[in-house]
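*Asks:* Mind looking over this structure? Questions follow.
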Amino acid sequence: MSGTHDEIPPPPPPPQETQQKPTQQTPQTVSTIKLPILKKGEYDIWAMKIEHYLAHTDYPIWEVIQNGNGPVSVTLDTTGQIKILPPKTAEEMVLRERERKARTTLLMAIPEDHLAKFHKMTDAKDMWIAIKSRFGGNDESKKMQKYILKQQFEGFTVSNSDGIHKGFGSFY
Numbered sequence: 001m002s003g004t005h006d007e008i009p010p011p012p013p014p015p016q017e018t019q020q021k022p023t024q025q026t027p028q029t030v031s032t033i034k035l036p037i038l039k040k041g042e043y044d045i046w047a048m049k050i051e052h053y054l055a056h057t058d059y060p061i062w063e064v065i066q067n068g069n070g071p072v073s074v075t076l077d078t079t080g081q082i083k084i085l086p087p088k089t090a091e092e093m094v095l096r097e098r099e100r101k102a103r104t105t106l107l108m109a110i111p112e113d114h115l116a117k118f119h120k121m122t123d124a125k126d127m128w129i130a131i132k133s134r135f136g137g138n139d140e141s142k143k144m145q146k147y148i149l150k151q152q153f154e155g156f157t158v159s160n161s162d163g164i165h166k167g168f169g170s171f172y
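Quick note on numbering: UniProt numbering labels position 30 of the sequence shown as 30, and the sequence is numbered without any gaps.
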């Protein structure tokens, strides 16, 4: 009975696979670490956190903050104002970009009410030093803070009738 029933045609052959060369892709790292924000009285901890944050996310930026970024080409315009010349080489462009990133990172990591004090600074290393002098305090001020805290602690008492909750509230 060949010819009386419909024959199903065979499936088409699979498409021939072409050998493609694997493309090289640069692995992208997405950092989920939050930028540490400086809080009053916590400069030392913040400085350690920001160092580790930058060392993890973009070490060349940390190097710019620590060592500076080298001189910038400047000239005087017709009015006698200093004018920063645009970068000429690829290396200069990379250095300027790192400086900009370092400044931006530091500005994002300080409290908003202090932004105006540091915003006009053009050098990330100078900004780091200024932040340290503003928030880090000197040894004398740290000794005074410790002395005051010690005096407060020694004078702290809670009566049995007040309880721990009222005593705790007296610190605020």
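Backbone N, C-alpha and C fix where the C-beta goes; we use that ideal spot for every residue, glycine too.
(1) Does DSSP put leucine 85 in a helix, in a strand, or in coil?
(2) Which residues mark the beginning and the end of the beta strand (DSSP E) in which leucine 76 is found?
(3) Report buried or exposed for leucine 106, applying the criterion of at least 16 other Cβ atoms within 10 angstroms of its Cβ.
(4) Let me confirm a value: glutamate 99 is counted as buried when at least 16 other C-beta atoms fall within 10 Å, else exposed. Which label applies?
(5) When the Cα of leucine 95 is compared with those of Asp139, Val72, Gln152, Lys39, which residue comes out closest?
(6) What is the C-beta distance between leucine 35 and methionine 108, in whole angstroms, given that I count them as a contact (C-beta under 8 Å)?
(7) Please report the straight-line C-alpha distance between aspartate 147 and threonine 78, rounded to a whole angstrom.
*Replies:* Taking the definition as stated:
(1) coil
(2) 74-76
(3) buried
(4) buried
(5) Val72
(6) 6 Å
(7) The question names aspartate, but residue 147 is tyrosine in the sequence shown. Their Cα atoms are separated by approximately 56 Å.
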